[in-house]
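Residue 89 in our numbering sits at position 85 of the sequence shown, and the numbers go up by one each step.
Here's the structure we're looking at; comments come further down.
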Amino acid sequence: MSGTPNNSDAAELQKFAELAHGWWDPNGSSKPLHDLNPLRMDYIRRVAGLGPKNVADVGCGGGILSESMAAAGATVLGIDLAPAVLDVARLHAAQAGVKVEYRHMSAEALAAQSPAAFDLVTCMELLEHVPDPALTVSALAALMRPGADLIVSTLDRNWRSFLVAIVGAEYIARALPAGTHDYLKFIRPSELARWGRAAGLELRDLTGISYHPLTRSFSLSSDTSVNYLAHFRRVAR
């Protein structure tokens with residue numbers, strides 16, 4: 005990764021490394037990731053399609069989404085900067101018989117190595133954990149061939165997201181470990197759209213993810229005030 009920016013936070017990486025051992029436990033600390041995965045897959049299929057695409061899953065963690073996309077016919081490269089979760093991802097893929105390549109590297113390093121190489125780039129719940137999210141968006145854009153799609157998932161920054169995602173999810177429902185999120189790093193859709201435009205991307209869709217505390221389930225919705233998915237397309241020149 006020599007010559008590329010170090011756009012990572014050691015404390016944030018440690019948080020996720022500590023979750024590695026339970027990443028594939030659907031009832032453990034990573035339960036929200038398992039519950040969200042079918043929604044993410046439905047969204048990707050709807051706005052971008054899957055099948056035989058060359059996909060980069062940036063911030064892949066233990067590989068829940070990476071494996072699902074590979075099982076749907078994509079050629080998937082998952083990258084992350086937490087070695088412990090990549091070890092888990094590789095082991096689970098081998099046990100499940102799913103072909104996914106995993107590398108310990110940043111989006112910026114991959115963009116320098118393989119520019120315009122991917123039909124689809126996914127980046128789920130990563131931007132709010134890096135020091136400079138605009139830099140990461142630029143790297144994500146650099147990975148995309150003209151006409152390619154980018155799917156990002158992150159959290160809006162407002163009083164409601166603070167109450168729901170931090171107070172509610174981390175300290176009341178304990179659906180996430182306390183300290184998972186830093187409210188000041190949450191990203192307004194207008195900020196994300198601006199960074200995308202600066203990187204040559206066109207925002208095509210915003211869709212919210214709603215959490216239902218009584219059933220402890222998620223659904224896609226028009227409410228983007230807490231969690232949301234964004235679909236960008238690389239403008240063909």
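Note that the Cβ used here is the ideal one computed from N, Cα and C, for glycine as well.
**Study point:** Beta bridge counterpart(s) of I83 as assigned by DSSP
**Key:** Per DSSP, V62, R107.
Exercise for review: Taking N231 as part of the beta strand (DSSP E), name the residues at either end of that continuous run.
Suggested key: Boundaries of the beta strand (DSSP E) harbouring N231: 231-238, taken from the DSSP string.
Practice item. State the CB to CB distance for the pair A52 and H235, rounded to an integer number of angstroms; the pair is presumed to be in contact (CB under 8 angstroms). Key: Right, their Cβ atoms sit about 7 angstroms apart.
Review point. Do you know whose CA, among R208, S157, S221, A203, lies nearest S229's CA?
Key: Residue S157 holds the alpha-carbon nearest to the alpha-carbon of S229 among R208, S157, S221, A203.
Check your understanding: Which whole-angstrom value is the C-beta distance of A146 and P119, which I expect to be below 8 angstroms?
Key -> Yes, they are in contact, since the Cβ atoms of A146 and P119 sit about 5 angstroms apart, within 8 angstroms.
Exercise for review: Between the Cα of H108 and those of I213, L131, D84, spot the shortest distance and give me the residue it belongs to.
Suggested key: The candidate whose alpha carbon is nearest that of H108 is D84.
Check your understanding: Does the pairing of the segment 66-83 with the segment 94-112 give three or more beta-carbon distances under 8 angstroms?
Key -> With contact defined as three or more Cβ pairs closer than 8 angstroms, the segment 66-83 and the segment 94-112 are in contact.
Review point. Are three or more beta carbon pairs between the segment 121-141 and the segment 187-197 nearer than 8 angstroms?
Key: Cβ pair count under 8 angstroms is three or more, so yes.
**Study point:** Residues of its chain near G32, where Cβ-Cβ distance is below 7 angstroms and the 5 sequence neighbours each way are ignored
**Key:** Within its own chain, the residues whose Cβ lies closer than 7 angstroms to the Cβ of G32, once the five positions on either side in sequence are excluded, are G26, listed in chain order.
Check your understanding: Hey, R238 and A152 are a contact pair by Cβ (cut 8 angstroms); roughly how many whole angstroms apart?
Key -> About 5 angstroms; that satisfies the 8 angstroms criterion.
Exercise for review: Tell me, to the nearest whole angstrom, how far the beta carbon of R149 is from that of A121; I am working on the premise that it is less than 8 angstroms.
Suggested key: Their Cβ separation, rounded to whole angstroms, is 7 angstroms, which keeps R149 and A121 in contact under 8 angstroms.
Review point. By Cβ distance, which residues of its chain are closer than 6 angstroms to V125, with the 5 residues on each side in sequence left out?
Key: Its chain contains A60, L144, L147, M148, L154 as the residues whose beta carbon lies nearer than 6 angstroms to that of V125, once the 5 sequence neighbours on both sides are disregarded; these appear in chain order.
Check your understanding: When we look at the beta-carbon of E105 and count the other beta-carbons within 10 Å, is it buried (16 or more) or exposed?
Key -> Under this definition E105 is an exposed residue.
Practice item. Buried or exposed for A240, please, with buried defined as at least 16 other CB atoms from any protein chain shown within 10 angstroms of its CB. Key: It is exposed - the Cβ of A240 has fewer than 16 other Cβ atoms within 10 Å.
Check your understanding: Contact check, L81 vs I213 under 8 angstroms by CB: the rounded distance?
Key -> About 25 angstroms separates the beta carbon of L81 from that of I213, a gap too long to meet the 8 angstroms contact definition.
Exercise for review: To the nearest angstrom, report how far apart A74 and V102 are at their CA atoms.
Suggested key: Using only the alpha carbons, I get a separation of about 7 angstroms.
**Study point:** Residue environment, H133, which counts as buried when at least 16 other CB atoms sit within 10 Å
**Key:** Residue environment for H133: buried (at least 16 other C-beta atoms within 10 angstroms of its C-beta).
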